[in-house]
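Protein chains in written order, with my numbering: chain A, 1303 to 1754; chain B, 40 to 197.
Below: one structure, written as structure tokens.
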Amino acid sequence: MDGGPVMKKIVILSAILLFLIFVTAGAVDFGGIISNETALTVDGSADFSQENTAKVWFNTGTEHPLVFYFGGSYTFNLDRPYLFDVYDLRLEGTFKRSSELPSVFGFTLGRYAFNDFTYTFMNNNVDGFKLNFTYPYAAVRIDVGFTGLQLKPVSTVLISKLDYNDQSIDAVILGSKRIVGKLETSFPNLFQRQKLSLALLFQEDLRQLFENDNTNTLSRVIPEGETQYTPERGGLVDTQYAMLGMSGPIVQALYYNVYGCLNTGRVLSYIDGAYTYTPVLAFLAGAELRYYNSAILYTRAMLQFIYTSGDADSTTFTEGNTAGKANTFIPISVIPMGLVFTPVLGNIFFPHVSYSLRPFAHAPAGIIRSIQPQLDAYVFFRSTAGAVSEGGIDPNSDSLYLGSEVDIAIRFRPFSDLGMAVSAGGFIPSGAFLTDERSFRFLVKLTANLSW
Amino acid sequence: MRSKRIGFLGVWFFLVSLIFISPLFAQSNEVLDSIIGKETLSMQDAAYLVLTAAGKLPETASPAEAFSAMEELKGKWKIRIQSADKPLTLGQYSYILMRVFSIPGGIFYHIFPGPRYAARELAFLGIIKRHPSPYRKLSGSDALLYLGNTLEWTAGRS
């Protein structure tokens, strides 16, 4: 088991807890999923990868006010023969009140999914608690969680240089140690079914609390005031986010979503010969138009635009600020935007168009009705001539255009418990890349899953 | 959308016909009212709802007659019949719906036909939208809702 003594204790305690709940809860719903992903990537050279995952889950019956959920997985790939993970372990309560406010009160305690309401810069499991309050015209949600108990391979929280260094240090088993929190308010039906969402999020780097004499040098925080420049190391990164979003129908079958986020915080910067914490001032803005019409072969179309601020004097994507404030937007989770070219938000903007339909939706043979081809196109730009998350950019290039990508996918679900998809994508790099990095890149991927 | 309207109208026609067309349907109306008000559905009630909606029995049949008819048909549909008054689970009701309305299932339903994968299938088809645990008890109002959704789905399939 790739988890060490800490994870073993967690699994044993979890198993005891599960047994007690199984005995006391009565009806239990359970199931599992087996999935395979096989991919061939050509980016100068060819790279083949395959990953197989088996998941089991159970809950004590979602119809009850108090429900216990468990989900565990085992993953095998050619680079890592075994990885056991607990991806769901929570107690959830929902209590409806007929005459008092809030009309619904809910809580979640344990390991659960934590995300921003746009799902663009934070989407990762945390261990913590969540409180939900539902009123007639509004909903309020409070989340606080810790990201440092997740196994490193499954954690998407990668923010600082030290987080990236940990990826290559075998002694580091768990993911980035941060406390995250959120206060979110939404007004689901402000007028004409329009929804207004407001949120405050933060993440605080707790790395230094866990440093000791055995900590690898590449994982150690550079102290403020240090004069020796060590670009392979870094410091703490703490960030806060203030979000505002509006969404709803425009006309029948056409929906919009617009949102903005102000990002503040602090990062370690090497300025005037010494390391110092400088403030972060960055932002993200996004807009989407979505169309869905089941009468026209279940057509779905989307036009999306996302902009994230950048820092022209930034020499590296992470903690690369060299003057003034750090203006590159800092996401909490690594959420790739494309299929082949997968930049992380920050000094990036792009339009994205997507279209899918089910051409055989009314075919006599029911088994082919679920076939769904989808086409996606991206045009990637960087917001400034500073660094982006992907490598291979020519440091002498001022070009903001990075390249274009087209992806095609065909999804097929012949039975309720069997799904398959084949995806292919091609990315054409621009002149902003180094000469050796300008070759056409493509990827072909097959996925299949069977649930029981 | 048209197929959904047809299914919805079909359910309403079924209900309205029970209420208005003949005084004999006063009994059916009372039977429906009593089923809707129950917190747990029995095999007898399930047999009445499903067999009359599927046209296998006249609306004037009683729940006891429907239960007898289900017992006669259990061999054909491979449905395990419990006692008439024992509460049904969602999985068992789903299995009855799938058998009576000939709803095709997934791979595991064909390998292990039964309540568990029947409930999974109806949840996948959107007939059961909330709390799809096959082991939970089923209320009368839920049963009628799922029956209506099933009629709508079969109307859209044809």
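Positions of the beta carbon are idealized from the N, C-alpha and C atoms, including for glycine.
Chain A contact for residue i (CB, 9 Å cutoff)
{"i": "B/Pro-152", "result": "no"}
{"i": "B/Arg-196", "result": "yes"}
{"i": "B/Pro-102", "result": "no"}
{"i": "B/Tyr-156", "result": "yes"}
{"i": "B/Leu-164", "result": "yes"}
{"i": "B/Pro-171", "result": "yes"}
{"i": "B/Thr-189", "result": "no"}
{"i": "B/Arg-159", "result": "yes"}
{"i": "B/Leu-97", "result": "The residue asked about is misnamed: residue 97 of chain B is Pro in this sequence, not Leu. Chain A contact via Cβ: absent."}
{"i": "B/Ala-65", "result": "In this prediction, B/Ala-65 has a pLDDT of 47, which is less than 50 and means its spatial position is unreliable; nothing more can be read from the coordinates."}
{"i": "B/Ile-143", "result": "It should be noted that the sequence gives Pro, not Ile, for residue 143 of chain B. So, interface residue."}
{"i": "B/Ile-60", "result": "Residue confidence is low: B/Ile-60 scores 40 on pLDDT, short of 50, so the model does not pin down where it sits. No coordinate-derived value is stated."}
Listed by chain order, chain A residues near residue i by CB distance under 9 Å
{"i": "B/Arg-138", "result": "Per Cβ cutoff of 9 Å: no residues; B/Arg-138 is ~17 Å from chain A at best."}
Cross-chain neighbours of residue i in chain A, by beta carbon under 8 Å
{"i": "B/Ile-146", "result": "Phe-1717, Asp-1719, Leu-1720, Leu-1752"}
{"i": "B/Glu-78", "result": "Going along chain A, no residue has its Cβ under 8 Å from B/Glu-78, so there is no contact; the nearest lies around 12 Å."}
Integer Cβ distance of residue i from residue j, believed to fall under 8 Å
{"i": "A/Arg-1535", "j": "A/Glu-1486", "result": "Not really, about 35 Å apart at Cβ, beyond 8 Å."}
{"i": "A/Met-1639", "j": "A/Pro-1645", "result": "6 Å"}
{"i": "A/Arg-1743", "j": "A/Val-1344", "result": "7 Å"}
{"i": "A/Val-1459", "j": "A/Asn-1426", "result": "5 Å"}
{"i": "B/Ala-162", "j": "B/Pro-152", "result": "Actually they are not in contact, since the Cβ atoms of B/Ala-162 and B/Pro-152 sit about 16 Å apart, beyond 8 Å."}
{"i": "B/Tyr-174", "j": "B/Thr-128", "result": "6 Å"}
{"i": "A/Gly-1550", "j": "A/Arg-1592", "result": "Contact doesn't hold; Cβ gap of about 11 Å is too wide."}
{"i": "A/Ser-1462", "j": "A/Glu-1590", "result": "So it is not a contact: roughly 30 Å between Cβ atoms."}
{"i": "A/Ala-1415", "j": "A/Leu-1745", "result": "Contact flag wrong, Cβ pair sits at about 27 Å."}
{"i": "A/Leu-1641", "j": "A/Asp-1719", "result": "Not really, about 26 Å apart at Cβ, beyond 8 Å."}
{"i": "A/Phe-1423", "j": "A/Ile-1637", "result": "7 Å"}
{"i": "A/Leu-1411", "j": "A/Leu-1451", "result": "With a Cβ gap of about 14 Å, A/Leu-1411 and A/Leu-1451 do not count as contacting."}
{"i": "A/Phe-1360", "j": "A/Phe-1332", "result": "4 Å"}
{"i": "A/Ser-1725", "j": "A/Gly-1705", "result": "Rounded, the Cβ-Cβ distance is 19 Å, inconsistent with contact."}
CB contact below 9 Å: residue i versus chain B
{"i": "A/Gly-1447", "result": "no"}
{"i": "A/Val-1330", "result": "yes"}
{"i": "A/Gly-1333", "result": "yes"}
{"i": "A/Gly-1346", "result": "no"}
{"i": "A/Gly-1395", "result": "no"}
{"i": "A/Gly-1668", "result": "yes"}
{"i": "A/Phe-1735", "result": "no"}
Neighbouring residues, chain B, relative to residue i (Cβ below 9 Å)
{"i": "A/Gly-1363", "result": "His-170, Ser-172, Tyr-174, Arg-175"}
**Study point:** Complete alpha helix (DSSP H) runs within the region 112–192 of chain B (minimum length 4 residues, chain order)
**Key:** For the region 112–192 of chain B, whole alpha helix (DSSP H) runs of length 4 or above, ordered along the chain, are 129–139, 146–150, 154–163.
Check your understanding: Using 8 Å as the threshold, is the region 1558–1575 of chain A in touch with the region 1611–1628 of chain A, meaning 3 or more CB pairs across them?
Key -> The region 1558–1575 of chain A, when compared against the region 1611–1628 of chain A, does touch it at the 8 Å Cβ threshold.
**Study point:** Validate contact between the region 1685–1703 of chain A and the region 1602–1621 of chain A using beta carbons, cut 8 Å, 3 pairs
**Key:** The answer is yes - the region 1602–1621 of chain A touches the region 1685–1703 of chain A, with three or more Cβ pairs under 8 Å.
Review point. For the region 1464–1474 of chain A against the region 1491–1499 of chain A, are there 3 or more C-beta pairs whose distance is under 8 Å?
Key: Contact fails: fewer than three Cβ-Cβ distances are below 8 Å.
Review point. Do three or more CB pairs link the region 133–150 of chain B to the region 105–119 of chain B at distances below 8 Å?
Key: Yes: at least three Cβ pairs fall under 8 Å.
Check your understanding: Does the region 1330–1347 of chain A come within contact of the region 144–154 of chain B, defined as at least 3 CB pairs closer than 8 Å?
Key -> The region 1330–1347 of chain A, when compared against the region 144–154 of chain B, does not touch it at the 8 Å Cβ threshold.
Review point. If you scan the region 80–117 of chain B from start to end, which runs of the alpha helix (DSSP H) of 4 or more residues do you find wholly inside it?
Key: Taking only runs of at least 4 residues, the alpha helix (DSSP H) segments lying wholly in the region 80–117 of chain B are 82–92, 102–116.
Check your understanding: What residue ranges within the region 1451–1515 of chain A form continuous beta strand (DSSP E) runs of no fewer than 3 residues, ordered along the chain?
Key -> Correct list: 1480–1489, 1497–1507.
Review point. Taking three-plus beta-carbon pairs below 8 Å as touching, is the region 1551–1562 of chain A in contact with the region 1514–1525 of chain A?
Key: These segments do not touch.
**Study point:** Uninterrupted beta strand (DSSP E) stretches inside the region 1340–1376 of chain A (no shorter than 3 residues)
**Key:** The qualifying runs are 1347–1361.
Review point. Between the region 1518–1531 of chain A and the region 1387–1395 of chain A, do three or more beta carbon pairs fall short of 8 Å?
Key: Touching, no.
Exercise for review: Would you check if there are 3 or more beta carbon pairs closer than 8 Å linking the region 1356–1374 of chain A to the region 1393–1401 of chain A?
Suggested key: Judged by Cβ distances under 8 Å, the region 1356–1374 of chain A makes contact with the region 1393–1401 of chain A, as three or more pairs qualify.
**Study point:** Segment contact flag, the region 1643–1658 of chain A with the region 1694–1701 of chain A, C-beta cutoff 8 Å, min 3 pairs
**Key:** No, the region 1643–1658 of chain A does not touch the region 1694–1701 of chain A.
Check your understanding: Given 8 Å as the limit, is there contact between the region 1730–1749 of chain A and the region 153–173 of chain B, that is, 3 or more CB pairs closer than that?
Key -> When C-beta atoms of the region 1730–1749 of chain A are compared with those of the region 153–173 of chain B, fewer than three pairs fall below 8 Å, so the two segments do not count as touching.
Exercise for review: Quick one: which unbroken beta strand (DSSP E) runs of 3-plus residues sit fully inside the region 1388–1441 of chain A? Chain order, please.
Suggested key: Entirely contained in the region 1388–1441 of chain A, the beta strand (DSSP E) runs reaching 3 residues are, in chain order, 1406–1417, 1425–1436.
Exercise for review: Decide if the region 1537–1547 of chain A is in contact with the region 1432–1447 of chain A; the criterion is three or more beta carbon pairs, one per stretch, under 8 Å apart.
Suggested key: Taking a cut-off of 8 Å for Cβ pairs, the region 1537–1547 of chain A and the region 1432–1447 of chain A do not touch, as fewer than three such pairs fall below it.
Exercise for review: Could you tell me which uninterrupted beta strand (DSSP E) segments, each at least 3 residues in length, are contained entirely in the region 1655–1698 of chain A, listed from first to last along the chain?
Suggested key: Every unbroken stretch of the beta strand (DSSP E) spanning 3 or more residues and falling wholly within the region 1655–1698 of chain A is given here in chain order: 1674–1684.
Check your understanding: If we count Cβ pairs, one from each stretch, closer than 8 Å, do we get three or more for the region 1665–1674 of chain A versus the region 1647–1654 of chain A?
Key -> In short, these stretches do not touch, since the Cβ pair count stays below three.
Review point. Is the number of C-beta pairs between the region 80–99 of chain B and the region 177–192 of chain B that are closer than 8 Å three or more?
Key: Inter-segment contact for the region 80–99 of chain B and the region 177–192 of chain B is present: three or more beta-carbon pairs are separated by less than 8 Å.
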